[in-house]
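Protein chains in written order, with this note's numbering: chain A, 28 to 132; chain B, 656 to 887.
We treat Cβ as the ideally placed atom computed from N, Cα and C, and that holds for glycine.
Inspection log for the structure reproduced underneath, given as structure tokens.
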Amino acid sequence: MTAALVVVIIGVGTYLTRLSFIGALGTRSMPEWAVQPLRYVAPAVLAALVVPAIALRDGAFDLAPGTNPRLVAALLAALVAWRTKNVAAVIVVGMATLWILQAVL
Amino acid sequence: MNQVSNVRRRGTLDGSRSVAPLLVGVVPFGLVFGVAAAGSVVGGGLGYATSIIIFAGAAQLATIQLLDAGVAALVVIATALVINARHLMYSAAMAPHFREFPTASRFTLPYLLTDQAFAVSIIRYDETTDPRYKRWFYFGAGITLWIAWQITTATGVLLGAQVPESWSLEFAIPLVFLALLIPVVRNRPALVAALVGGGVALLASGAPYGLGLIIGAISGVIAGVVAERATR
Numbered sequence: 028m029t030a031a032l033v034v035v036i037i038g039v040g041t042y043l044t045r046l047s048f049i050g051a052l053g054t055r056s057m058p059e060w061a062v063q064p065l066r067y068v069a070p071a072v073l074a075a076l077v078v079p080a081i082a083l084r085d086g087a088f089d090l091a092p093g094t095n096p097r098l099v100a101a102l103l104a105a106l107v108a109w110r111t112k113n114v115a116a117v118i119v120v121g122m123a124t125l126w127i128l129q130a131v132l
Numbered sequence: 656m657n658q659v660s661n662v663r664r665r666g667t668l669d670g671s672r673s674v675a676p677l678l679v680g681v682v683p684f685g686l687v688f689g690v691a692a693a694g695s696v697v698g699g700g701l702g703y704a705t706s707i708i709i710f711a712g713a714a715q716l717a718t719i720q721l722l723d724a725g726v727a728a729l730v731v732i733a734t735a736l737v738i739n740a741r742h743l744m745y746s747a748a749m750a751p752h753f754r755e756f757p758t759a760s761r762f763t764l765p766y767l768l769t770d771q772a773f774a775v776s777i778i779r780y781d782e783t784t785d786p787r788y789k790r791w792f793y794f795g796a797g798i799t800l801w802i803a804w805q806i807t808t809a810t811g812v813l814l815g816a817q818v819p820e821s822w823s824l825e826f827a828i829p830l831v832f833l834a835l836l837i838p839v840v841r842n843r844p845a846l847v848a849a850l851v852g853g854g855v856a857l858l859a860s861g862a863p864y865g866l867g868l869i870i871g872a873i874s875g876v877i878a879g880v881v882a883e884r885a886t887r
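Below, the structure written as structure tokens:
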């Protein structure tokens, strides 16, 4: 399957999830058993995207701060995210830490 | 000026102003996405097209990342749709209000449904009963975000071609996800969902077809639900 086709299918699927209840006839509301799991999609998916990207180096586990500068940079960036909730500040602090450590190590 | 166009202008402007502070998070995200797309196998052209076709940042970024890693097409699609499943929740909450809109709006306006447009609209809908105002307010919020997203992602694509590899700019991708993650970990079940989601995704990172991400995500969702039931 080409990348373009993948993108179009995701685009159509995304529109349909947005339309879902709005486009439905009648006055259906979402049952609690369906709402409950959706509350945890964001934390679960985002952590699944973040953790492997910072704890793996060249495809292997590396949790040693001395050899994995991304881990240290991400921990500092997480602290900034927690204190400020500012996306730009998180990127700046994370990237700057990575560059400094890469220059030093 | 007649009353109808007055409501249209006031609603659109109010919606636009309400999301303006949220653009602080959207601008760097859009730039990072554009740069990442330009540097991936997807390329700047198709990468930018996802801003129009998908128009959902986290799903776009994950799609680019997975396609670049050579992950199987069906797994890329499934992962992106899991990320976007939260729109079902927003759609359900907006449905009673959208039911008062003209039919054409009910089918076109959901395209603009984002985390931010939902958040500002659902708060404003508590304070107003005029369906025309509600419609234009949502439109103002949605279109402002859409325009900002188009401009920033296109700019990122144009900048992306100039960025040397030694800058390790691909690290900005997990940083953006991290910036989105921290604020959603609001309570203990959400923390459990994040810890299990991240931990399982790490352990499953060697899984075939790039299934690690979706296995981690589903494990995290289940863990969150179990944790919520346990704390009741």
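Buried or exposed by the 16-neighbour rule on C-beta atoms within 10 Å, applied to Asn-739/B: The residue given as residue 739/B occupies position 84 in the second sequence. Counting the other Cβ atoms within 10 Å of the Cβ of Asn-739/B gives 16 or more, which makes it buried.
Which residues DSSP lists as bridging Ala-87/A, in chain order: The residue given as residue 87/A occupies position 60 in the first sequence. According to DSSP, which records beta bridges pairwise, Ala-87/A is partnered with Arg-84/A.
Rounded C-alpha distance that separates Asn-661/B from Asp-669/B: Counted from its first residue, the second sequence places residue 661/B at position 6. Counted from its first residue, the second sequence places residue 669/B at position 14. In this structure, the CA atom of Asn-661/B is about 12 Å from the CA atom of Asp-669/B.
Local conformation of Arg-761/B per DSSP, three classes: In the second sequence, the residue the question calls residue 761/B occupies position 106. Three-state result, Arg-761/B: helix.
Beta-carbon spacing of Leu-866/B, Ala-859/B below 8 Å: Here the question's residue 866/B lines up with position 211 in the second sequence. Here the question's residue 859/B lines up with position 204 in the second sequence. Going by C-beta atoms, Leu-866/B is nearer than 8 Å to Ala-859/B.
Nearest-angstrom Cα separation, counted from Ala-693/B out to Gly-879/B: Position 224 of the second sequence, counting from 1, holds the residue named residue 879/B. Position 38 of the second sequence, counting from 1, holds the residue named residue 693/B. Between the C-alpha atoms of Gly-879/B and Ala-693/B there is a straight-line separation of about 35 Å.
Straight-line gap, Val-107/A to Val-818/B (C-alpha atoms, nearest Å): As a working mapping, residue 107/A is identified with position 80 in the first sequence. As a working mapping, residue 818/B is identified with position 163 in the second sequence. Across the structure, Val-107/A and Val-818/B are spaced so that their CA atoms are roughly 25 Å apart.
Terminal residues of the alpha helix (DSSP H) in which Arg-66/A lies: Counting from one through the first sequence, the residue named residue 66/A turns up at place 39. It is not in any alpha helix (DSSP H) - Arg-66/A carries neither H nor E in the DSSP assignment.
Minimum C-alpha distance to Phe-773/B - residue among Phe-756/B, Thr-784/B, His-752/B, Gly-852/B: On the second sequence, residue 773/B is found 118 positions in, with the first residue counted as 1. Minimum Cα distance to Phe-773/B is reached at His-752/B.
Pro-92/A: contacting residues in chain B (beta-carbon distance under 9 Å): Locating residue 92/A in the first sequence gives position 65, counting from the first residue. Near Pro-92/A there are no residues of chain B at all, since even the closest Cβ is about 16 Å away, more than 9 Å.
Proximal chain B residues relative to Ile-127/A, where beta-carbon distance stays under 9 Å: As a position in the first sequence, residue 127/A is number 100, starting the count at 1. Residues of chain B passing the Cβ test: none, with the nearest at roughly 12 Å.
Terminal residues of the alpha helix (DSSP H) in which Leu-56/A lies: In the first sequence, the residue the question calls residue 56/A occupies position 29. Note that residue 56/A corresponds to Ser in the displayed sequence, not to Leu. In this chain, Ser-56/A is not harboured by any alpha helix (DSSP H), its DSSP state being neither H nor E.
Same chain, Cβ closer than 6 Å to Phe-684/B, five either side skipped, listed in chain order: Here the question's residue 684/B lines up with position 29 in the second sequence. Gly-712, Val-831, listed in sequence order.
Sub-8 Å separation of Arg-741/B and Leu-65/A beta-carbons: For the purposes of this step, residue 741/B is taken as residue 86 along the second sequence, with counting starting at 1. For the purposes of this step, residue 65/A is taken as residue 38 along the first sequence, with counting starting at 1. Yes, the Cβ-Cβ distance between Arg-741/B and Leu-65/A is below 8 Å.
Per-residue contacts from Arg-84/A into chain B (C-beta, under 7 Å): Counting from one through the first sequence, the residue named residue 84/A turns up at place 57. Among the residues of chain B, none has a CB under 7 Å from the CB of Arg-84/A; the nearest is roughly 12 Å distant.
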